[in-house]
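>
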Amino acid sequence: NFMLTQPHSVSESPGKTVTISCTRTSGSIASNYVQWYQQRPGSSPTTVIYEHNQRPSGVPDRFSGSIDSSSNSASLTISGLKTEDEADYYCQSYDSNNLNYVFGTGTEVTVL
Amino acid sequence: EVQLVESGGGLVQPGGSLRLSCAASGFIFSSYWMSWVRQAPGKGLEWVANIKQDGSEKYYVDSVKGRFTISRDNAKNSLYLQMNSLRAEDTAVYYCARDPESGSYSIDYWGQGTLVTVSP
């Protein structure tokens with residue numbers, strides 16, 4: 096079984112860029128797709144990135160995803176930060192050994 | 218428009234039971250895997266269980282195996298979670314969620330959630 100580790104919080108000013116990491120503790124990050132979900136306070140999660148780097152319709156291109164096999168991690172980058180981007184962000188992947196979905200620990204993004 | 222509406226949450230004593238329901242609309246329910254995901258107060262997301270389109274395959278997180286049962290009724294476009302032997306640590310908002318057709322082991326739509334509180 097593996098875990099997905101994220102920084103607890105990140106903060107940046109409006110208009111800047113933030114990158115959130117998601118590190119897989121064992122096994123290859125590339126072995127299963129990584130998704131990213133945004134959860135604004137008091138709301139249900141929504142998908143901002145699926146299958147490593149795909150954006151659902153309606154998600155602005157300020158959001159991008161990638162994976163890096165050398166660090167065994169995935170990243171979510173939000174450019175041109177807006178106050179509406181303040182939320183918790185969770186990465187998620189799949190454990191082929193126990194057939195479970197695995198969520199990351201979550202990152203709180205604050206737009207100063 | 219895809220809609221997932223959960224119901225059935227509430228206050229229950231430790232050791233008690235509760236059945237959650239999720240009414241789906243806006244898509245062909247019988248064509249999708251479905252999941253339940255929970256979130257304890259102030260905590261992160263935890264996947265609970267999922268079920269195949271025809272109900273023939275079901276998978277659970279270890280912490281609920283033997284206590285929770287996921288099921289579906291495609292004729293009623295409904296997903297269920299029967300929760301028995303409830304514990305304080307099961308206290309959470311429970312989200313009904315749809316897995317996308319692509320089979321990428323992810324979630325594309327979430328319900329608004331229903332709160333389950335396990336307390337004496």
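First to last, the protein sequences are chains A and B. The numbering of the first sequence is my numbering, which starts it at 96 and goes up by one. The numbering of the second sequence is my numbering, which starts it at 218 and goes up by one. The C-beta atom is built at its ideal place from N, Cα and C for all residues, glycine as well.
1. On the three-state DSSP scale, how would you describe B:Asp316?
2. Can you pull the chain B residues whose beta carbon is under 7 Å from the beta carbon of A:Asn127, in chain order?
3. Give the secondary structure of B:Thr308 by DSSP, where H, G and I count as helix, E and B as strand, and everything else as coil.
4. Is the distance from the Cβ of A:Leu194 to the Cβ of A:Glu107 below 8 Å?
5. Suppose you measure from the CA of A:Glu146 to the CA of B:Leu303; what does that come to, to the nearest Å?
6. When you compare the CB of A:Tyr185 with every CB in chain B, is at least one pair closer than 8 Å?
7. Would you grab the beta carbon distance between A:Thr100 and A:Thr118 for me? Rounded to a whole angstrom, and I think it's under 8 Å.
8. Confirm, please, whether the CB-CB distance from A:Val143 to A:Tyr128 is below 8 Å.
9. Does A:Pro109 pass the burial test, meaning 16 or more other C-beta atoms within 10 Å, or should it be called exposed?
10. Can you round the beta-carbon distance between B:Ser252 and B:Ala266 to whole angstroms, since I take them to be within the 8 Å contact cut?
11. Under the three-state reduction of DSSP, which class applies to B:Val281: helix, strand or coil?
12. Listing by chain order, which chain B residues have their CB less than 8 Å from the CB of A:Gln130?
13. What are the residues in the segment 231 to 256 of chain B lying within 9 Å of chain A by C-beta distance?
Straight from the coordinates:
1. coil
2. Tyr322
3. coil
4. no
5. 35 Å
6. yes
7. 5 Å
8. no
9. exposed
10. 7 Å
11. helix
12. Ser321, Ser323, Ile324
13. Ser252, Val254, Gln256
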